[in-house]
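Some notes on the structure that comes next.
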Amino acid sequence: GKNLVDIILSNNGYNVVNLGIKQPVAAILDAAQQHNADVIVLSGLLIKSTVVMKEHLQELNHRGMAPDYPVLLGGAALTRAYVEQDLHTIYEGEVRYARDA
């Protein structure tokens with residue numbers, strides 16, 4: 001999924017920084033700052049990913065970075081309801097659900 005999104009976005013003129021899988025939140029946030037990201041995109045295949053994504057959003061809040069980085073979440077592990085209801089209430093920035101590549 002994430003590689004397909006990378007290809008689609010790159011082929012349409014977007015600059016994509018693909019960090020790979022199982023990245024610690026510090027690596028993601030450092031890359032976002034280093035590359036002056038407009039958005040952070042996270043993808044999760046397994047249910048455990050939903051917990052990790054929630055922790056990542058909480059860390060963005062903790063660091064005061066949430067207002068600067070909208071987050072797009074997708075992958076088989078997620079549902080629109082989980083992102084738009086549960087995660088939306090805990091994230092201090094903008095968070096959106098991406099159903100499918």
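For the sequence shown, this note's numbering gives the first residue as 1, with consecutive numbering after it. No residue lacks a Cβ here, since even glycine has one placed at the ideal position from N, Cα and C.
Same chain only: Cβ atoms within 6 Å of residue i, ignoring 5 sequence neighbours per side
i          : result
residue 2  : 43
residue 61 : 92
Other residues of its chain near residue i: CB distance less than 8 Å, five sequence neighbours each side excluded
i          : result
residue 6  : 16 and 18
residue 87 : 53, 54, 57, 73 and 95
Spatially closest choice to residue i from the options, by CA coordinates
i           : options           : result
residue 98  : 32, 41 and 36     : 41
residue 58  : 81, 9 and 29      : 29
residue 20  : 47, 31 and 13     : 31
residue 76  : 49, 84, 85 and 67 : 49
residue 22  : 33, 64, 51 and 11 : 51
residue 100 : 63, 45, 10 and 85 : 45
One or two residues paired with residue i in a DSSP bridge
i          : result
residue 43 : 74
residue 5  : Looking at the DSSP assignment, residue 5 forms no beta bridge with any residue, so it has no partner.
residue 96 : 72
Residue i vs residue j beta-carbon contact at 8 Å
i          : j          : result
residue 96 : residue 78 : no
residue 39 : residue 70 : yes
First through last residue of the beta strand (DSSP E) which encompasses residue i
i          : result
residue 25 : No beta strand (DSSP E) contains residue 25, which is instead part of the alpha helix (DSSP H) from 25-34.
Cβ of residue i within 8 Å of any chain C Cβ
i          : result
residue 84 : Of the chains in the structure shown, none is chain C; there is only one protein chain.
Same chain, Cβ closer than 7 Å to residue i, five either side skipped, listed in chain order
i          : result
residue 35 : 17
residue 66 : 60, 91, 92 and 93
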